[in-house]
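To keep things clear, I will list the structure first and then write my remarks on it.
Residue numbers (this note's numbering): 65 to 511.
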């Protein structure tokens, strides 16, 4: 291994005060004589380039941010986007309302094919200022992706934003123009839009904002309406993401859309969530069948409340990130950046957790384990680093490795066991024996 002065190690551990703390190699070196597990890097087996990591700007998060005093606002923005924080460079937000809005709303409430009354005035109150604060602080450009949960009620078969329903056929062209209006208005207001998804969770009839598309309906909407609208408005540089739902049937949906070249030509990649089981093999299958298309994790959180102080939260995040990026995923976007002590606000009571929970009465920030575990990736794996194969002979440890500029090698390793695990770390030129503490995650950077 490189000499100690060229190796940096960072540790987050449940049973200590270490939280993304830089430690000396001597603190985890071991001369254990037991048969060691091994993590061996194959630096010549280079895979995809990393695009980045981030979280979601929702109206709920923005409303909490808006309540904070100036110093707390700065603390939040620095924690997520600053050089001393998690250095996020990806973001997601919603077109019209989502469940983590303060209520249903559309950017054009009036039934009008010309969208004359289209307005982002509501978003300009809290949501856009929150995004702009992040854009101003970020050391790397933030790629903002926007997703609709539902068209306006007047465009839908059920005449409401909640409880599923479908887009009325006669409004497909109007809805396609709606995305373009959104991009135009946001960018005019100073928020660049990197990409859009066709529909959030298109197979879920939810009690909140939702809209249903079959694979064939999503395919036809893209090739006949949305793709041509983006082209007409000169927005083909915007990344178009399909599916934006769970891993379990992402292969089926990708086949339905991407097997048609007239639809596939507009599509940048497949987005996916984690809410219906791990199904990591499905991620690999999509890459194997459509290697020219990208994979992006677009949403995940722990449901049913804030889960204050849970260590399992961080481990769930790291498990997903490691498996997803080892299967060709290029970016990983968390759900809400901020939630309150209830796991809201949410206009239908669908409370969840977030990496930073705000005690709104006391103006206190609680940094969850998920914040620190995410930071082991977002802080140390840079945009443009390339994932490399890491051969791991144990199920006890999970590892992700990448190679960057000047051959810098970054490896993050997680131990979910209740005991320390000694292992041999081989980076291609030399090796060291380390012992990773129980319920912990480490990042090793060799330059």
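C-beta: ideal position from N, C-alpha, C; glycine also.
Count the other CB atoms within 10 Å of the CB of residue i; is the residue buried (16 or more) or exposed (fewer)?
{"i": "residue 212", "result": "buried"}
{"i": "residue 503", "result": "buried"}
{"i": "residue 214", "result": "buried"}
{"i": "residue 427", "result": "exposed"}
{"i": "residue 372", "result": "exposed"}
{"i": "residue 443", "result": "buried"}
{"i": "residue 67", "result": "Residue confidence is low: residue 67 scores 45 on pLDDT, short of 50, so the model does not pin down where it sits. Its coordinate-derived value is still stated next. Result: exposed."}
{"i": "residue 155", "result": "buried"}
{"i": "residue 350", "result": "buried"}
{"i": "residue 69", "result": "Below a pLDDT of 50, predicted positions are generally treated as unreliable, and residue 69, at 48, falls in that range; no measurement from the model is reported."}
{"i": "residue 574", "result": "Outside the shown range of the chain (65 to 511) lies residue 574, about which nothing can therefore be said."}
{"i": "residue 510", "result": "buried"}
{"i": "residue 302", "result": "buried"}
{"i": "residue 281", "result": "buried"}
{"i": "residue 458", "result": "exposed"}
{"i": "residue 255", "result": "buried"}
{"i": "residue 507", "result": "buried"}
{"i": "residue 252", "result": "exposed"}
{"i": "residue 296", "result": "exposed"}
{"i": "residue 389", "result": "buried"}
{"i": "residue 223", "result": "exposed"}
{"i": "residue 493", "result": "exposed"}
Looking at residue i and the ligand SAM, is the gap between the Cβ and the nearest heavy atom below 7 Å?
{"i": "residue 82", "result": "For the ligand SAM, the structure offers nothing, since it holds no ligand at all."}
On the DSSP bridge list, what partners appear for residue i?
{"i": "residue 476", "result": "464 and 507"}
{"i": "residue 73", "result": "87 and 508"}
{"i": "residue 416", "result": "367"}
{"i": "residue 307", "result": "335"}
{"i": "residue 403", "result": "421"}
{"i": "residue 373", "result": "According to DSSP, which records beta bridges pairwise, residue 373 is partnered with nothing at all."}
{"i": "residue 439", "result": "In the DSSP output, where bridge partners are listed per residue, residue 439 has none listed."}
{"i": "residue 358", "result": "333"}
{"i": "residue 208", "result": "155"}
{"i": "residue 170", "result": "Paired residue(s): none; residue 170 is not in a bridge."}
{"i": "residue 117", "result": "396"}
{"i": "residue 341", "result": "339"}
I need the boundaries of the alpha helix (DSSP H) containing residue i, first residue and last residue.
{"i": "residue 180", "result": "Here residue 180 belongs to no alpha helix (DSSP H), and DSSP marks it neither H nor E."}
{"i": "residue 319", "result": "314-322"}
{"i": "residue 393", "result": "Counting along the chain, residue 393 falls outside any alpha helix (DSSP H), though it belongs to the beta strand (DSSP E) covering 393-400."}
{"i": "residue 142", "result": "134-145"}
{"i": "residue 200", "result": "191-201"}
{"i": "residue 387", "result": "376-389"}
{"i": "residue 92", "result": "Element bounds for residue 92: n/a, residue is neither H nor E."}
{"i": "residue 128", "result": "123-131"}
{"i": "residue 155", "result": "Residue 155 -> not in any alpha helix (DSSP H); beta strand (DSSP E) instead, spanning 154-159."}
{"i": "residue 344", "result": "344-353"}
{"i": "residue 295", "result": "291-296"}
{"i": "residue 409", "result": "Per DSSP, residue 409 belongs to no alpha helix (DSSP H) and is neither H nor E."}
{"i": "residue 79", "result": "Counting along the chain, residue 79 falls outside any alpha helix (DSSP H), and DSSP gives it neither H nor E."}
{"i": "residue 326", "result": "325-328"}
Over the uninterrupted beta strand (DSSP E) stretch that includes residue i, give me the two end residues.
{"i": "residue 101", "result": "101-113"}
{"i": "residue 490", "result": "485-490"}
{"i": "residue 497", "result": "495-500"}
{"i": "residue 450", "result": "450-456"}
{"i": "residue 428", "result": "428-431"}
Any contact of the segment 104-114 with the segment 175-182, i.e. 3+ C-beta pairs under 8 Å?
no
Which full runs of the beta strand (DSSP E) of 3+ residues lie inside the segment 212-285, going along the chain?
259-261
Would the segment 408-415 and the segment 454-470 be scored as touching if the rule is three or more Cβ pairs under 8 Å?
no
Would the segment 120-136 and the segment 392-402 be scored as touching if the rule is three or more Cβ pairs under 8 Å?
yes
Using 8 Å as the cut-off, can you tell me whether the segment 143-162 makes contact with the segment 476-483, which would need three or more C-beta pairs spanning the two stretches below that distance?
no
Quick check: the segment 336-348 against the segment 302-313, are at least 3 beta-carbon pairs closer than 8 Å?
yes
Kindly confirm or deny that the segment 235-246 and the segment 132-141 touch, where touching means at least three C-beta pairs closer than 8 Å.
no
Kindly confirm or deny that the segment 224-237 and the segment 185-204 touch, where touching means at least three C-beta pairs closer than 8 Å.
no
Pairing CB atoms from the segment 93-106 with CB atoms from the segment 425-441, are three or more of them under 8 Å?
no
When you compare the segment 364-380 with the segment 320-333, are there three or more beta-carbon pairs, one atom per stretch, that lie closer than 8 Å?
no
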